[in-house]
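Worksheet: one structure, shown below.
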Amino acid sequence: MPRILKPILAVPFTLLFIFALAILPHLFQLNGGGGLHLDWSGSMSSVKDYFAGIGTGESFRFISGRKELSFWEQIGGYFRTSLFYIAIGALAGTTIGILVGIYFSLSRAAWLKRGVDLAASIPDFVLIILLQSLVIFVGKSTGVFVFKFASISSKDPAIALPLISSIIIPASYMIRSVALQMKLTMTEDYINVAKSRGFSKPHIVFFHALPNVLPFIKTDINKLLGILIGNMFIVEFLYNLRGVTKLLFTDTFSNNGYQYALAVNGLLALVIVYTVVYVLLRIYLWGWEKVFSR
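Going left to right, the sequence shown walks through residues 56 to 349 as this note's numbering numbers them.
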């Protein structure tokens, strides 16, 4: 299949997946006896209403609390928040992952590697709660709160701790991936040839081994972003950030019931965030290739 067709074909499949995912809360309903039944007619009605409401604008209005709001007027702030944390987490996590992964592949400090493996094994929400608890403990002990442990309002958001949380998870994944690929690459014959020619160790690592590891990193971008997007549901909720996932958490189920249109629009916004950060990461890794390619 030509490479240009892959992103073109991905669009309808992505849209189909979003509409199918958003319909699940409508599809599975409880009956009078407490069992589940499939409400196909109500689900299909929601899909039809969404497409019918595109022309009238009804599909881009939602209930938040007791107010009816415009999705277009509200989504900008939510979108920027999610994009900021996911983009910084992806770029910083990738950078840390490459540099520390290279160090781990060459180092014999087993205790450091075990520390990274331990951090990677801690669930996201536990790690966030531990960070918040540490800030509160230090603040109460010293009277100085270095970081905000949650956002009180959109005008005074927590920044440092959510950024740390957004970076740790992808960085720990990338460290292990880069360290493994670097170890395998350093055993290749062309590395031994470079050593026999008298090149320094940093030169061999960055100008011989790393260019052959970067393609493996590029293939991991989708997995890395999947980890980040899943992590953001927890980060935005626990830090009370006004991001896209928080919008889905708080307003998709309102007093009037499940808001199918909001779920679809919110998931579409997440796909756009994913696409933007994916392009940024590809450009960023392309820059690494240009710098270190021989």
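For glycine and all other residues, C-beta sits at the position ideal for the given N, C-alpha and C.
Since this is a predicted model, take the numbers as computed values, not measurements.
Residue i vs residue j beta-carbon contact at 8 angstroms
i, j, result
"PHE159", "ALA234", "yes"
"PHE180", "ILE289", "yes"
"ILE153", "MET99", "no"
"ILE222", "GLY148", "yes"
"GLN314", "THR307", "yes"
"SER137", "MET241", "no"
"LEU303", "GLY321", "yes"
"PHE117", "LEU317", "yes"
"GLU344", "PRO266", "yes"
"ILE183", "LEU293", "yes"
"VAL190", "VAL201", "yes"
"SER114", "GLY120", "no"
Proximity winner among the options, relative to residue i (alpha-carbon distances)
i, options, result
"VAL328", "TYR140, GLY112 and LEU82", "TYR140"
"PHE262", "GLY112, ASN295 and ILE157", "ILE157"
"MET237", "LEU71, LEU216 and VAL268", "VAL268"
"PRO80", "VAL102, ILE207 and VAL66", "VAL102"
"VAL331", "LEU70, ARG135, TRP95 and HIS92", "ARG135"
"ILE130", "ILE338, LEU323 and LEU336", "LEU323"
"THR274", "LEU239, LEU91, LEU336 and PHE254", "LEU336"
"SER206", "PHE347, LEU93, TRP95 and GLU291", "GLU291"
"SER348", "SER309, TYR333 and ALA264", "ALA264"
"SER220", "ARG163, LEU185 and PHE192", "LEU185"
"SER309", "GLU123, ARG169 and GLU243", "GLU123"
"GLY312", "GLN84, ALA75 and PRO67", "GLN84"
Distance, residue j Cα to residue i Cα
i, j, result
"ASN277", "ALA145", "11 angstroms"
"VAL326", "ILE282", "14 angstroms"
"ILE214", "THR197", "21 angstroms"
"ALA65", "PHE72", "10 angstroms"
"ILE143", "LEU218", "7 angstroms"
"GLY342", "ARG231", "22 angstroms"
"SER188", "ILE151", "25 angstroms"
"ILE224", "THR111", "42 angstroms"
"LYS250", "LEU70", "51 angstroms"
"MET243", "ILE259", "The sequence as given places Glu at residue 243; Met does not occur at that position. Answer to the nearest angstrom: the Cα atoms are 12 angstroms apart."
"ARG408", "ILE338", "No answer is possible for residue 408: it lies beyond the span of the chain, which begins at 56 and ends at 349."
"GLY170", "SER176", "10 angstroms"
Three-state secondary structure assigned by DSSP to residue i
i, result
"TYR105", "helix"
"GLN84", "strand"
"GLY110", "helix"
"LYS203", "coil"
"ASP211", "strand"
"LEU93", "strand"
"ILE177", "coil"
"PHE254", "coil"
"SER309", "strand"
"SER160", "helix"
"ARG297", "coil"
Short CB-CB distance (under 8 angstroms) between residue i and chain B
i, result
"ALA324", "Although the question refers to chain B, the structure presented lacks it and comprises just one protein chain."
CB-CB length for residue i against residue j, believed under 8 angstroms
i, j, result
"LEU216", "LYS203", "7 angstroms"
"ALA77", "VAL319", "5 angstroms"
"TYR105", "VAL299", "About 18 angstroms; that fails the 8 angstroms criterion."
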